[in-house]
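Counting in the working numbering, the sequence shown tops out at residue 225, every number present. As structure tokens, the structure follows; a few thoughts come after it.
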Amino acid sequence: MSEEHLIGFAAREMWREMKDFWPIEKKEIFLLKYDIVKPLSTDVAIWPSVFQLVPNLKPPPHIEWRQGLWADLYNLTDYLISAIDNHDSYWTIAITHYFDFGDPYTGYDRDSIRPSDKNEDWKFLGYDVSEITFLSGLTNFGTSPQEKKLEMVEFGEHLNQYHLFTDYKVAMQYKNSVDKKDPGHGPFYVYGLYLIS
């Protein structure tokens, strides 16, 4: 049985509009559902960090954590308050991981995460399916047109307005599907995304 645990925090842009960065050709290759607000993801190639896009904004190297996540939410928010003028232009998020025995996150230091548990006030955004490097198998993993049509039929209706799954069981089905489809990538894992502010 998998258990959900926080693995870190991030600040992601919310000022870019989907129409400017997702032409129809790109949607046809990568998305399983087209009528969405914009795709959100663990993958910074899909949903960039503010540290990638805001000029001269660099995180202190001793604070940044695994795959660009911050272990301490309060350090992240304090840093951004002093560094960014428009706080409505980005979302602060928490990312969780579903632990199974023997996966690569099993031995990580939970004591370093602050806060260590989800807050009931955080808004659930959905589940992504990504590698340990956060490369998303849901939005950054192109397939053949034939495979794509089958996946759209099987999984498209289960995706929300952010191209994320809302049902953990369906996310796990998709995870198993992409693991089998391309063993060279992955293994893939289910991650939860939560809006903090």
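Glycine included, each C-beta is placed from N, C-alpha and C at the ideal position.
Asked	Found
For Val82, which of helix, strand or coil comes out of DSSP?	coil
Is it the case that the Cβ atoms of Leu231 and Leu163 are separated by a distance below 9 angstroms?	Limits of the chain in this structure are 29 at one end and 225 at the other, which puts residue 231 out of reach.
Which same chain residues, not among the five before or five after Gln174, have their C-beta less than 7 angstroms away from its C-beta?	none
DSSP three-state call for Ser30: helix, strand or coil?	coil
Measuring alpha carbon to alpha carbon, tell me which residue in Glu159, Trp43 and Ser144 is nearest Asp23.	In this structure the chain extends from 29 to 225, so residue 23 is not present and cannot be described.
In the DSSP assignment, find the unbroken alpha helix (DSSP H) run with Ser225 in it and report its ends.	Counting along the chain, Ser225 falls outside any alpha helix (DSSP H), and DSSP gives it neither H nor E.
Between which two residues does the beta strand (DSSP E) carrying Phe152 extend?	Lys151 to Ser158
Note down the Cα distance separating Pro215 from Arg94, rounded to an integer number of angstroms.	18 angstroms
Whose C-alpha, out of Leu104, Leu60 and Trp43, is nearest the C-alpha of Trp75?	Trp43
Going by DSSP, what residue range makes up the beta strand (DSSP E) through Tyr196?	No beta strand (DSSP E) contains Tyr196, which is instead part of the alpha helix (DSSP H) from Tyr196 to Lys209.
Does the distance from the CB of Ile121 to the CB of Ile224 come in under 9 angstroms?	yes
Could you check which residue in Lys66, Glu53, Arg40 and Asp48 has the C-alpha nearest to that of Gly170?	Glu53
Going by DSSP, which residues form a beta bridge with Val218?	Val157
Would you identify the three-state DSSP class for Ser144, choosing helix, strand or coil?	coil
To the nearest angstrom, how far is it from the Cα of Asp100 to the Cα of Ala38?	10 angstroms
Under 8 angstroms Cβ to Cβ from Asn84, same chain only, skipping five residues before and after it: list those, please.	none
Using the rule of at least 16 other Cβ atoms within 10 Å of the residue's Cβ for burial, across every protein chain shown, is Tyr102 buried or exposed?	exposed
Please state whether the Cβ-Cβ distance between Tyr155 and Thr194 is less than 9 angstroms.	yes
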